[in-house]
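Each remark here refers to the structure printed beneath this line.
Numbering (the numbering used here), first residue to last: 392 to 478.
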């Protein structure tokens, strides 16, 4: 992350970026190159692929939580410290 004073890292296992902007299904080349260079997988899902109804985004968000739960990511002590990963 970068703000006006400094640049700093935020450690995470799973990240979600929700900006409420126009859909950009192909992503930026710079973002993809940076992710590939750091062995980070990018999944473009939800309204970032195509603008739709709010309920569709809510459903996909729930699907993400279900997938994380199936992977065991929500049952770990680390996940319990992150409120938005628990439901």
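For every residue, glycine included, the Cβ atom is placed at its ideal position computed from N, Cα and C.
Going by beta-carbon coordinates alone, are residue i and residue j separated by less than 9 Å?
i: residue 433; j: residue 426; result: yes
Of the choices the options, whose alpha-carbon is the least far from that of residue i?
i: residue 451; options: 464, 463, 397 and 435; result: 435
Determine which residues share a DSSP beta bridge with residue i and list them.
i: residue 393; result: 398
Quick check: is the beta carbon of residue i nearer than 9 Å to any beta carbon in chain D?
i: residue 443; result: No chain D appears in the structure shown, which is made up of a single protein chain.
Residue i by DSSP, collapsed to three states: which one?
i: residue 454; result: helix
i: residue 478; result: With a pLDDT of 36 at residue 478, under the threshold of 50, the modelled position of that residue is not reliable, and the figure given next carries that caveat. Residue state, collapsed to three classes: coil.
i: residue 446; result: helix
i: residue 459; result: helix
i: residue 429; result: coil
i: residue 424; result: helix
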